[in-house]
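Peer 1: Residue 6 is where the sequence shown starts when you use the numbering used here, and the numbers rise one by one after that.
Each residue gets a CB set at the ideal place from its N, CA and C atoms; glycine is no exception.
Let me begin by handing over the structure; questions about it come next.
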Amino acid sequence: MSDYLSDYRTYAIVNAVLTGILIKPLVILWVFALCLARRRKDPVRCGVSWLKAALPLEALNLILSVATDATSLVEVDFELNYTPSDNIVNAVSQASDHLSVAAGYVEQIATIATIIAIVELGLAFLDVVDHTRKHGSPDGLVPASASAASASAPGSEKPSPARHHTLVRYATYGAVVVLFALAVGLFSLANSVYAKYFRVINHTDNYAETEAAYEKYNHDVLTLRDLGATFDILCFVISLALVGLGGVVMHTCRNAPQLHNSAVLFLVSTLVWFIRYLWHLIYNATWLLPKNSLGVPLAFNVVDPIFNVWTFFVVLVLLYVVSARKQQGLWTTSQPWMAPPPLQPAPGVYNYYYNPAGGPAAPPGPAPAYSYSPHPAQAYAQPQGTQVSYANQPPQELMQQHAEYPARPVELK
């Protein structure tokens, strides 16, 4: 027994480390998402809000999971080194069970938020492609296609993709309602089962009552496992649909260079999500659902964080990258950073007109009533013996007349 508890303590420490190491990156990623992944009143970016909800929920799930491992380690330490009263041991065991239930419930809510985020971001890809085809990109770099203009001609209308997107959303939210009901039911029933069991064993010394409570507890635990497996199986089926959505997004964005890279990341996120729930399916089918199962092996504490926690983290990171992008992101409305830079004058071109407002220079005004040109348009023959007047030198009479009348100031238009 002591050898098993020693091994369990080692694996519990490894599980706590592999789980807790992701808490800080998740919190940092959440802060970045709040600052960089903005919705900015764009109707297609609803999934960004759900992603921001999933990030702190998953971080809270990891915190509760580490707390569960910590209380279980305290319980093992009581068993190995020091044996306090049974009430203290039962209190620590009950705290560990309730923390585990809370962690599982928060993880399920984070899963629901992530599913909605994946669906909304996938539909956002399709909306952006359709908007760009009809109206061009919001930054003006991609014009509207000629096929879209011809499709808008009378007699050539096609069903709007928004109608199909609405059906997908209805199906998604319908499945999410079922998942949420299962999560709430599992959370309520688990807390009730643990509370009843520990209430009996803490307040009675009757062996028959303790045995009856233990039998009832084992039966209720099997029911909890069935509910948890139902939740995981439904999520596995949804993950298959999400992979299909990723394939549709990839196919739709094949002719959209500005979205191709983001579409690849989105498809990878759906595949990783599928791998996560494939592991859940294997776990339930191998260790939880069989009636003659010998229990979960200790090595599960090492494998589960990799296939459950780390895959969840990878999906959240990929969705954040897709949501935070600007130039290659999901936008259908014009944003301030999309404004083109101001045009600079070509080298060697100067503007001589004064404009105190700093805007475009005003065109030159009309010529003044009197203007003097040092280069006369016609050459006059000079008589022999007279003083030669150079082409760039005005006659003396004109210069004297000009000196008598001061120059009229030129008005700036």
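Quick check: the region 111-130 against the region 311-324, are at least 3 beta-carbon pairs closer than 8 angstroms?
Peer 2: As far as the Cβ criterion goes, the region 311-324 touches the region 111-130, which means the pair count is three or higher.
Peer 1: Please check the pair V254 and F130, which I expect to be a contact at CB under 8 angstroms, by giving their CB distance rounded to whole angstroms.
Peer 2: In the sequence shown, the residue the question calls residue 254 occupies position 249. In the sequence shown, the residue the question calls residue 130 occupies position 125. Rounded, the Cβ-Cβ distance is 4 angstroms, consistent with contact.
Peer 1: Looking at F318: is its Cβ nearer than 8 angstroms to the Cβ of L27?
Peer 2: Looking up residue 318 in the sequence shown gives position 313. Looking up residue 27 in the sequence shown gives position 22. Their beta carbons are under 8 angstroms apart, which means F318 touches L27 by this criterion.
Peer 1: With H, G and I counted as helix, E and B as strand and the rest as coil, what does DSSP make of Q99?
Peer 2: Within the sequence shown, numbered from 1, the residue matching residue 99 stands at position 94. Note: Q99 maps to helix in three-state DSSP.
Peer 1: Assuming T119 contacts A180 under a Cβ cut-off of 8 angstroms, what Cβ separation, rounded to an integer in Å, is found between them?
Peer 2: On the sequence shown, residue 119 is found 114 positions in, with the first residue counted as 1. On the sequence shown, residue 180 is found 175 positions in, with the first residue counted as 1. The pair is not a contact, with the Cβ atoms about 13 angstroms apart (cut-off 8 angstroms).
Peer 1: Taking Cβ positions, are Y222 and V198 nearer each other than 8 angstroms?
Peer 2: In the sequence shown, residue 222 corresponds to position 217, counting from 1. In the sequence shown, residue 198 corresponds to position 193, counting from 1. For Y222 and V198, yes; Cβs fall inside 8 angstroms.
Peer 1: Give me the residue from C258, V277 and E112 with the minimum Cα distance to A268.
Peer 2: Locating residue 268 in the sequence shown gives position 263, counting from the first residue. That would be C258, whose Cα lies nearest to the Cα of A268.
Peer 1: State yes or no: is the C-beta of L283 within less than 8 angstroms of the C-beta of F236?
Peer 2: Against the sequence shown, residue 283 aligns to sequence position 278. Against the sequence shown, residue 236 aligns to sequence position 231. Going by C-beta atoms, L283 is not nearer than 8 angstroms to F236.
Peer 1: Is L23 helix, strand or coil by DSSP?
Peer 2: Working through the sequence shown from its first residue, we reach residue 23 at position 18. Reduced to three states, the DSSP call for L23 is helix.
Peer 1: State the DSSP-derived secondary structure class of G300, mapped to helix, strand or coil.
Peer 2: For the purposes of this step, residue 300 is taken as residue 295 along the sequence shown, with counting starting at 1. Correct three-state label for G300: coil.
Peer 1: How many Å lie between L229 and V189 at the Cα?
Peer 2: Translated into the one-based positions of the sequence shown, residue 229 becomes position 224. Translated into the one-based positions of the sequence shown, residue 189 becomes position 184. Going by the C-alpha atoms only, they are around 12 angstroms apart.
Peer 1: When you compare the CB positions of T275 and V248, do they come within less than 8 angstroms of one another, or not?
Peer 2: Residue mapping note: residue 275 aligns to position 270 of the sequence shown, counting from 1. Residue mapping note: residue 248 aligns to position 243 of the sequence shown, counting from 1. Yes; because the gap between Cβ atoms is below 8 angstroms, this pair is in contact.
Peer 1: To the nearest angstrom, how far is it from the Cα of P302 to the Cα of L264?
Peer 2: Within the sequence shown, the letter at position 297 stands for residue 302. Within the sequence shown, the letter at position 259 stands for residue 264. Going from the Cα of P302 to the Cα of L264 covers about 44 angstroms.
Peer 1: In whole angstroms, give me the CA-to-CA distance for L85 and L10.
Peer 2: Working through the sequence shown from its first residue, we reach residue 85 at position 80. Working through the sequence shown from its first residue, we reach residue 10 at position 5. In a straight line, the C-alpha of L85 is about 8 angstroms away from that of L10.
Peer 1: Would you say L62 and A329 are within 8 angstroms of each other, going by their C-beta atoms?
Peer 2: Here residue 62 refers to the residue found at position 57 when the sequence shown is read from its first residue. Here residue 329 refers to the residue found at position 324 when the sequence shown is read from its first residue. Not closer than 8 angstroms, so no.
Peer 1: Assuming F279 is part of the alpha helix (DSSP H), what are its boundary residues?
Peer 2: The residue you call residue 279 lines up with position 274 of the sequence shown. Its alpha helix (DSSP H) spans residues P262 to Y288.
Peer 1: Give the secondary structure of P2 by DSSP, where H, G and I count as helix, E and B as strand, and everything else as coil.
Peer 2: With the chain running from 6 to 418 in the structure shown, residue 2 is simply not present.
Peer 1: Using the rule of at least 16 other Cβ atoms within 10 Å of the residue's Cβ for burial, across every protein chain shown, is I214 buried or exposed?
Peer 2: Your numbering for residue 214 matches position 209 in the sequence shown. For the record, residue 214 in the displayed sequence is Glu; it is not Ile. So E214 counts as exposed.
Peer 1: Looking only at its chain, what residues have a beta carbon closer than 6 angstroms to the beta carbon of N289, apart from the 5 residues adjacent to it on each side?
Peer 2: Looking up residue 289 in the sequence shown gives position 284. Closer than 6 angstroms at Cβ, skipping near neighbours: A234 and D237.
Peer 1: Is the beta carbon of Q99 closer than 8 angstroms to that of F192?
Peer 2: For the purposes of this step, residue 192 is taken as the residue at position 187 of the sequence shown. For the purposes of this step, residue 99 is taken as the residue at position 94 of the sequence shown. The answer is no: Cβ separation not under 8 angstroms.
Peer 1: For the candidate residues K57, L23 and N20, whose alpha-carbon lies nearest to that of I33?
Peer 2: As a working note, residue 33 is residue 28 in the sequence shown. With distances taken between Cα atoms, I33 lies closest to K57.
Peer 1: So, under 8 angstroms CB-CB, A115 and N66 are touching, yes? Tell me the CB distance rounded to an integer number of Å.
Peer 2: Numbered from 1 along the sequence shown, position 110 holds the residue referred to as residue 115. Numbered from 1 along the sequence shown, position 61 holds the residue referred to as residue 66. Confirmed, about 6 angstroms.
Peer 1: Using 10 angstroms around the beta-carbon of T15, count the other beta-carbons present and answer buried if the total reaches 16, otherwise exposed.
Peer 2: Start at 1 with the first residue of the sequence shown, and residue 15 comes out as number 10. Answer is exposed; the Cβ neighbour count stays below 16.
Peer 1: Label E216 either buried or exposed according to how many other C-beta atoms from any shown protein chain fall within 10 Å of its C-beta, with 16 as the threshold for buried.
Peer 2: As a first step, residue 216 is located in the sequence shown; it is residue number 211 there, counting from the start. Label assigned to E216: exposed.
Peer 1: Exposed or buried, what is G252 when buried is set at 16 or more other beta-carbons lying within 10 Å of its beta-carbon?
Peer 2: Looking up residue 252 in the sequence shown gives position 247. Exposed, by the Cβ-count rule.
Peer 1: For the candidate residues E112, F279, H169 and P295, whose alpha-carbon lies nearest to that of D132?
Peer 2: For the purposes of this step, residue 132 is taken as the residue at position 127 of the sequence shown. D132 has its Cα closest to that of H169, out of E112, F279, H169 and P295.
Peer 1: In this structure, how does DSSP classify T177 when only helix, strand and coil are distinguished?
Peer 2: Within the sequence shown, residue 177 is the residue found at index 172, counting from 1. Helix.
Peer 1: Just how far apart, CA to CA, sit N92 and N207?
Peer 2: The sequence position of residue 92 within the sequence shown is 87, counting from 1. The sequence position of residue 207 within the sequence shown is 202, counting from 1. So the two alpha carbons sit approximately 6 angstroms from each other.
Peer 1: Just to confirm before moving on: does the CB-CB distance between V94 and F83 stay below 8 angstroms?
Peer 2: Mapped onto the sequence shown, residue 94 falls at position 89. Mapped onto the sequence shown, residue 83 falls at position 78. A contact, by the Cβ cut-off of 8 angstroms.
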